[in-house]
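Notes to accompany the following structure.
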Amino acid sequence: MCFVRRDFVFSVAILLLLFATTCLGSFLKTENKIKSAVFLSPKFELGPGSVINRYYYGIDFPKGHIALKSFNAEVVDEAGNSIPLHETYLHHWVVARYHQSKHVTHTENDTHRMLHNSNHVMVRNSGICQGNALGQYFGLGSETRGTETRVPDPFGIEVGNPEEVPEGFEEKWMVNVHAIDTRGTEDKMGCTECKCELYNVTVDKYGRTIRPDYVGGLLCCSDYAQCKLKEGFEGPKRSLYLRYTVKWVDWDDSVVPVKIYILDVTDSLKLSNNSKGINSDHNCKVEYRVDSCGMDHKEGNGCVDVMKTSLPLQTGGYVIYGVAHQHSGGIGSTLYGQVIYKSFENTGLFCCNILTLKSQRHGLFCEIYGLCFPGWKGYMFFNTKIWKWKRSRK
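Reading the sequence shown from the start, the letters are residues -25 to -1, 1 to 369 in mature numbering (1 follows the signal peptide of the UniProt record, and there is no 0).
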């Protein structure tokens, strides 16, 4: 296990595939029908210490009414070689689905933000977050290479259904890639966690002043940002791509559809009652700060930030797959389920073992490159926990 110092962490989301039927039915094998294709994102260039955070629209993606079985991605060079995380840190990648008007004569490609207009309508997942927050279909970070995202038989994620596309629109996909080149940087860990003092920024990409107590985060490592290099270090620019592999089967009655839910452990949920029942006011976050430990703590004795939340879902079902997104310093995540009976008696269900982390150390740099999920089961209500090391004050 590899632990690191840190002042802040990014919001942890748990992705669930939920099967909302009480009977699983027959498990018809689909392995002999699975199709696979490998695609590349548009090319991006990174020099030592530089950052890209781009949105690419209309990316290559399988066509037709299909059931997605897996989606995996990694950063590669022009020769197709995998780039080590300790050289190019894949902060995150996000793949989203949207509908685009057929009257658009060219694909608008604003690489700096999500598109929100009448010609582009985001098709979010089935999750419970507010608005378009955490509405993506797929996405991970540095743990991408060591984390399997296969949807087991007979399940699949249904996309491309023509009956779900509004008249005059067509289904499209976009990818957001956030990568940081750490070659020659003075503080690799600080660069990957977007520590503001290393990027020498006081305003965000829109020119708005960053508040003084904002230690680090996405505001400080936006597109074209530059992290501090060691004095005299020089290195070449690299042409890189996000290579993503998609597996799917053609849609038919043998496929059991599942829905994607993304849960945020930092979601400050508020419940309110009205004449129509209970309303949920969610506040899912992209990042949150972990305060430093005090000087009086003992080594390994509670210098851990624990986040917990309890999130009700409107419908029940079976958890088919789940994975947590964590940054360096994350220790693990646990998902629990709870059944609420009509008599209001509670029965707790243990859904998932702790997501143990695989890690690698390169000098003083520790990276998370994979998550392990031994098995999932359970349904109805979910409770997530996340443990993270805090940083000791000097």
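Quick reminder that beta carbons are idealized off the backbone N, C-alpha and C, glycines included. Note that the coordinates shown come from a computational prediction; the quantities given were computed from them, not determined experimentally.
Excluding the 5 residues flanking residue i on each side, which residues of the same chain have their C-beta closer than 8 Å to its C-beta?
| i | result |
| --- | --- |
| H78 | N94 and G143 |
| P141 | H74 and V96 |
| K170 | D(-19), D162, V190, G191 and C195 |
So what does DSSP say about residue i, is it helix, strand or coil?
| i | result |
| --- | --- |
| E139 | helix |
| K147 | strand |
| K8 | helix |
| V261 | coil |
| T63 | strand |
| Q335 | In this predicted model, Q335 has a pLDDT of only 44, less than 50, meaning its place in the structure is not dependable; the value taken from the coordinates is given anyway. Looking at Q335 - three-state DSSP - the assignment turns out to be strand. |
| L346 | Caution is warranted here: a pLDDT of 41 is assigned to L346, below 50, making its placement in the model unreliable, and the coordinate value is therefore given only provisionally. Looking at L346 - three-state DSSP - the assignment turns out to be strand. |
Spell out the partners DSSP gives residue i in its beta bridges.
| i | result |
| --- | --- |
| D162 | For D162, which the question treats as bridged, DSSP gives no partner whatsoever. |
| H153 | N28 and H67 |
| F46 | V221 |
| E133 | A42 |
| V51 | S57 and Y216 |
| S76 | F144 |
| D256 | K245 |
| E20 | S214 |
| F14 | Y219 |
| G33 | DSSP output for G33 lists no bridge partner at all. |
Note down, in chain order, each residue of its chain lying with its Cβ closer than 6 Å to the Cβ of residue i, except the 5 sequence neighbours on either side.
| i | result |
| --- | --- |
| V197 | In the sequence on display, residue 197 carries Ser and not Val. Cβ within range, chain order: N28 and K180. |
| A200 | V26 and Y174 |
| E123 | none |
| K203 | E161 and L173 |
| H40 | G135, N136 and W226 |
| G165 | L173 |
Near residue i, which residues of its chain fall below 7 Å by C-beta distance, leaving aside the five closest residues on each side in sequence?
| i | result |
| --- | --- |
| V98 | R72, Y73 and H74 |
| T177 | T184 and I185 |
| G114 | H67, W68, V69 and V70 |
| E49 | S57, T119, R120 and R218 |
| P17 | Y31 |
| L21 | I27, T63, A154, D156, K212, R213 and L215 |
| L259 | Reading the sequence as shown, one finds Cys at residue 259 and not Leu. C104, Q105, A108, L109, D239 and D242. |
For the segment 170 to 246, list the alpha helix (DSSP H) runs that are entirely contained and at least 4 residues long, ordered along the chain.
Here the runs fully enclosed are 171 to 174.
3-residue-minimum beta strand (DSSP E) runs that sit fully inside the segment 87 to 128, ordered along the chain
You should have 95 to 98 and 113 to 115.
Counting Cβ pairs closer than 8 Å, one from the segment 61 to 73 and one from the segment 154 to 172, do we hit at least three?
Touching, yes.
Is the segment 202 to 221 in contact with the segment 288 to 306, if contact means three or more CB pairs nearer than 8 Å?
The answer is no - the segment 288 to 306 does not touch the segment 202 to 221, with fewer than three Cβ pairs under 8 Å.
Closer than 8 Å is the cut-off here; do at least three beta carbon pairs connect the segment 48 to 61 with the segment 187 to 194?
Touching, no, given that fewer than three Cβ pairs across the two stretches are closer than 8 Å.
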